[in-house]
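So the protein lines, in turn, are chains A and B. So that you can map any letter, position 124 of the first sequence is 124 in this note's numbering, and since no number is skipped, the others follow by simple counting. So that you can map any letter, position 205 of the second sequence is 205 in this note's numbering, and since no number is skipped, the others follow by simple counting. Worksheet for the structure shown next.
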Amino acid sequence: MTTTVAAPTTGSAPLAEAKVRRSWTQHGLLFVAPFLLVYLAFLVWPTLLGLRMSLSSVNIAGSNDRLVGFANYAEAFGDPRMWRSLWNTVVFTALSTVPLVLLGLLFALLVHNLRFMQWLWRLSFFGPFLLPSAVVSILWLRMIYPPDFGLLNGTLGTDILWLGDPGLAMWSMVLTTVWWTVGFNFLLYLAALQSIPQHLYEAAAIDGASAWDKLRAITLPMLSRTTALIVILQLLASLKVFDQIYLMTGGGPEDATRPIIEYAYDMGFTSYRIGYASAVSYILFVLIVVVSLVQLRLFRKREEASS
Amino acid sequence: MTKRFSPSQLVLLVIAVILAAVWIAPIAWGLATSLKPEDETTVIPLQWFGSELTFDAYALVLGTGGIVKWAINSVVTAVIVTFLTVLFSAMAAYGFARTQFRGQRALLGLILAGIMVPPHVLIAPLFAQMVALGLVDTWWAIILPQVAAPLIVFILYKFFQDVPPELEQAAFVDGAGRWRVFFTIVLPLSRPVLAAVSIFTFITTWNNFLWPFLVSTDPNTMTLPVGLANVVQGTFGLRYAQIMASVMLAGLPLLVVFVLFQRQIIRGVAHTGLAGQ
Numbered sequence: 001m002t003t004t005v006a007a008p009t010t011g012s013a014p015l016a017e018a019k020v021r022r023s024w025t026q027h028g029l030l031f032v033a034p035f036l037l038v039y040l041a042f043l044v045w046p047t048l049l050g051l052r053m054s055l056s057s058v059n060i061a062g063s064n065d066r067l068v069g070f071a072n073y074a075e076a077f078g079d080p081r082m083w084r085s086l087w088n089t090v091v092f093t094a095l096s097t098v099p100l101v102l103l104g105l106l107f108a109l110l111v112h113n114l115r116f117m118q119w120l121w122r123l124s125f126f127g128p129f130l131l132p133s134a135v136v137s138i139l140w141l142r143m144i145y146p147p148d149f150g151l152l153n154g155t156l157g158t159d160i161l162w163l164g165d166p167g168l169a170m171w172s173m174v175l176t177t178v179w180w181t182v183g184f185n186f187l188l189y190l191a192a193l194q195s196i197p198q199h200l201y202e203a204a205a206i207d208g209a210s211a212w213d214k215l216r217a218i219t220l221p222m223l224s225r226t227t228a229l230i231v232i233l234q235l236l237a238s239l240k241v242f243d244q245i246y247l248m249t250g251g252g253p254e255d256a257t258r259p260i261i262e263y264a265y266d267m268g269f270t271s272y273r274i275g276y277a278s279a280v281s282y283i284l285f286v287l288i289v290v291v292s293l294v295q296l297r298l299f300r301k302r303e304e305a306s307s
Numbered sequence: 001m002t003k004r005f006s007p008s009q010l011v012l013l014v015i016a017v018i019l020a021a022v023w024i025a026p027i028a029w030g031l032a033t034s035l036k037p038e039d040e041t042t043v044i045p046l047q048w049f050g051s052e053l054t055f056d057a058y059a060l061v062l063g064t065g066g067i068v069k070w071a072i073n074s075v076v077t078a079v080i081v082t083f084l085t086v087l088f089s090a091m092a093a094y095g096f097a098r099t100q101f102r103g104q105r106a107l108l109g110l111i112l113a114g115i116m117v118p119p120h121v122l123i124a125p126l127f128a129q130m131v132a133l134g135l136v137d138t139w140w141a142i143i144l145p146q147v148a149a150p151l152i153v154f155i156l157y158k159f160f161q162d163v164p165p166e167l168e169q170a171a172f173v174d175g176a177g178r179w180r181v182f183f184t185i186v187l188p189l190s191r192p193v194l195a196a197v198s199i200f201t202f203i204t205t206w207n208n209f210l211w212p213f214l215v216s217t218d219p220n221t222m223t224l225p226v227g228l229a230n231v232v233q234g235t236f237g238l239r240y241a242q243i244m245a246s247v248m249l250a251g252l253p254l255l256v257v258f259v260l261f262q263r264q265i266i267r268g269v270a271h272t273g274l275a276g277q
């Protein structure tokens, strides 16, 4: 917006000024109301309802709804399958975050420095992110991972049980997830790279800096803020893992890949214990809120430091 | 700046070609399989091309009808979610950025806190709510919870705060009301940011799995990902060409759209993704 219009409140008649001020403050709640209604009904209310459910013995039919205090939480903390699935989620998050951030950066640096066929590189690396999880899971389950005619073993000349070996299945989940979602981090890095002022590189070139020097002294420091953001977003996304694992291994073999959201789903929608499922969900909820609060703190500090 | 055919460009190009080939290979393999005769899909050693190129699998899959219905459900629900989310969020964001009313700060705080609530942990209470409202197996069950997206309000709120108010003030002096100003001046001016959040919302809704999966038991209301997941569980059995044809039909449209509108989509995803900065 480059158009400047003389501020109407200066020097205009008092009547006009009052009119402006009234228009200025009217109807506020009406603007907010539609979103607020949906938000209260389908986010705030379920959050409270879930808390209430987690303190009750309600089943999926809505019956047996008695308050049982913290019994569900006590049971969850003593439930080895809950711990196993929580551990699986944490392991998945740790294993997936590192390659997802590093490869995203690598692809972005590569594509940013290429002058040819930008659209092709972007399509190749970002394309998989646009596929629904069901498409990715079916593709890898049916055509990439099968030990006999799958693309991986067929190309590598191996006969690895990618999904059948309990020690390997989680790594396979990580591999598919990296292929599927690295494009998102790639795009964020690409956008950040494009916003680094060109004159920094020109000044460095005058000083005779090598490409490696420029990367270390300019590019990476300028990307530190983006990196912090990407790491946090990635942690939050990985903690919520469900789709691809549920669809490819169903949590197996031998519970080796079952994430905590799947355990909550199983408890609620297969064993019909909605109260217990809510308690399991809310344990993950607390973990996610803690990571989000760390994010808020981190970025508030940075904002204060930069201002 | 950079010389066009410098040796370093050539090295980068070679690396990029190899990596891109690796990254495309799974999709290409699925596509190749979908174009083979059914009895040649699982031969060992691998063959990228069958004895003939055939669209039989596509004809069979489209003929059985399910996938067309699911695609329609996906398009309709994603379009409605996107439209409602962007309209409601823009109105709310504008209300917070430009007007004053009682309890404004508290409400804004309540909405921003919601950014931390992952819908994944609310499946049990949300499902109970849908049962109570009698909405299971309807489009509305899929749509409504996805419209409650506080992140979009936050992004648009920050945007409206940075828009200089002079233009709107001038319109008020000319006698325009608050609503007319919003719909005829503010929204058209905000087209780029609205496009960005619309694209982001559409992609997330189009690809959403867990929630539509929970609330659709009737194949007639399933979205594309949910319908496909049912295919995995069973009906197509071991007919790999048909499975891959379904997968390609579900996955390729968005890739084609991406090639056509690359700039807008990249801006939409990057802008919304970086909103926390």
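Don't be surprised by glycine CBs; every beta carbon is placed ideally from N, CA and C.
Hey, how far is the Cα of residue i from the Cα of residue j?
i: B/Val117; j: A/Ala279; result: 15 angstroms
i: A/Leu152; j: B/Leu31; result: 16 angstroms
i: A/Leu36; j: B/Leu10; result: 55 angstroms
i: A/Val178; j: B/Pro165; result: 44 angstroms
i: A/Trp121; j: B/Leu238; result: 34 angstroms
i: B/Pro145; j: B/Thr204; result: 13 angstroms
i: B/Leu214; j: A/Phe269; result: 9 angstroms
i: A/Arg300; j: B/Lys158; result: 15 angstroms
i: B/Thr272; j: A/Asn64; result: 43 angstroms
i: A/Pro146; j: B/Pro192; result: 45 angstroms
i: A/Tyr246; j: A/Ala108; result: 30 angstroms
i: A/Ile230; j: B/Phe182; result: 34 angstroms
i: A/Gly150; j: B/Leu46; result: 8 angstroms
i: A/Leu51; j: B/Gly251; result: 37 angstroms
i: A/Val241; j: B/Leu189; result: 38 angstroms
i: B/Phe209; j: A/Leu30; result: 33 angstroms
i: A/Glu262; j: A/Leu239; result: 12 angstroms
i: B/Val75; j: A/Thr227; result: 34 angstroms
i: B/Arg263; j: B/Phe101; result: 39 angstroms
Determine, using beta carbons only, whether residue i comes closer than 8 angstroms to chain A.
i: B/Met222; result: no
i: B/Leu144; result: yes
i: B/Gln104; result: yes
i: B/Tyr94; result: yes
i: B/Thr33; result: yes
i: B/Trp211; result: no
i: B/Phe160; result: no
i: B/Val269; result: yes
i: B/Val117; result: yes
i: B/Ile203; result: yes
i: B/Phe261; result: no
i: B/Arg178; result: yes
i: B/Pro150; result: yes
Given residue i, which residues of its chain have a CB within under 8 angstroms of its CB, disregarding the five upstream and five downstream residues?
i: B/Leu62; result: Val68 and Leu249
i: B/Thr217; result: Val136 and Asp137
i: A/Tyr272; result: Asn59, Ile60 and Ala61
i: B/Val247; result: Gly30, Ser34 and Leu228
i: A/Gln234; result: Ser96, Thr97, Leu100, Val101 and Asn185
i: B/Val86; result: Ile152, Leu194, Val197, Ser198 and Thr201
If I measure Cβ to Cβ from residue i and keep anything under 7 angstroms in the same chain, skipping five residues before and after, which residues do I get?
i: A/Gly275; result: Met53, Ser54, Ser56, Ser57, Val58 and Asn72
i: B/Thr221; result: Asn73, Asp137, Thr138 and Trp139
i: A/Val68; result: Leu55, Ser56 and Ser57
i: B/Ile15; result: none
What does DSSP give as the partner residues of residue i in its beta bridges?
i: A/Ser56; result: A/Leu67
With a threshold of 8 angstroms between beta-carbons, can residue i be considered close to chain B, or not?
i: A/Lys214; result: no
i: A/Arg142; result: yes
i: A/Pro221; result: no
i: A/Ile160; result: no
i: A/Pro147; result: no
i: A/Ser307; result: Any reading at A/Ser307 is ruled out, since the residue's pLDDT is 47, under 50, leaving its predicted position unreliable.
i: A/Thr47; result: yes
i: A/Asn113; result: yes
i: A/Met173; result: no
i: A/Phe186; result: no
Skipping 5 residues on each side, what residues in its chain have a beta carbon closer than 6 angstroms to that of residue i?
i: B/Ile111; result: Pro150 and Val153
Are the segment 114 to 130 of chain B and the segment 280 to 287 of chain A in contact at 8 angstroms, needing three or more beta carbon pairs?
-> yes
Does the segment 180 to 194 of chain A come within contact of the segment 123 to 142 of chain A, defined as at least 3 CB pairs closer than 8 angstroms?
-> yes
Touching or not, the segment 236 to 255 of chain A and the segment 157 to 168 of chain A, by the rule of three or more beta carbon pairs under 8 angstroms?
-> yes
For the segment 192 to 210 of chain A and the segment 106 to 115 of chain A, state whether three or more C-beta atom pairs, one from each stretch, are separated by less than 8 angstroms.
-> yes
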